[in-house]
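Residue numbers (UniProt numbering): 1 to 74. All C-beta atoms, glycine included, are put in the ideal place defined by N, C-alpha and C. Note that this is a predicted model, so its numbers are computed, not measured.
Quick look at the structure:
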């Protein structure tokens, strides 16, 4: 359902300005609408992966997104 469009170095390794300029590396591989999607992330560092994917899902239609994170990098 989610596909990575391009690979880049980890967001945590980038400075703030570079993180803000990075385009969304994810897109939906099929159309969805009216779904409740659960995103599961193993380690939450900057939140950019979850935010990027959630943004794509929410913009695809009348969807709801919940997030489950296993660990937070502090």
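Unbroken beta strand (DSSP E) run spanning residue 50, endpoints: Residue 50 -> not in any beta strand (DSSP E); alpha helix (DSSP H) instead, spanning 48-59.
Closest to residue 33 by C-alpha separation, out of 43, 57, 52, would be which residue? 57
Report yes if the C-beta distance between residue 66 and residue 28 is below 8 angstroms; otherwise report no. It is not a contact, given that the beta carbons lie outside the stated cut-off.
Should residue 1 and residue 30 be called a contact, given that it needs their Cβ atoms to be closer than 8 angstroms? Cβ atoms of residue 1 and residue 30: closer than 8 angstroms.
Less than 8 angstroms between C-beta atoms, sequence neighbours within five positions excluded: which residues of the same chain meet that for residue 41? 49, 50, 67, 68, 69, 70
Run of the beta strand (DSSP E) containing residue 27, from where it starts to where it stops: 26-28
Just verifying my parser: in three-state terms, what is the DSSP assignment at residue 66? Collapsing the DSSP output to three states places residue 66 in a strand.
Between the CA atoms of residue 53 and residue 47 - distance to the nearest angstrom: C-alpha separation (whole angstroms): 10 angstroms.
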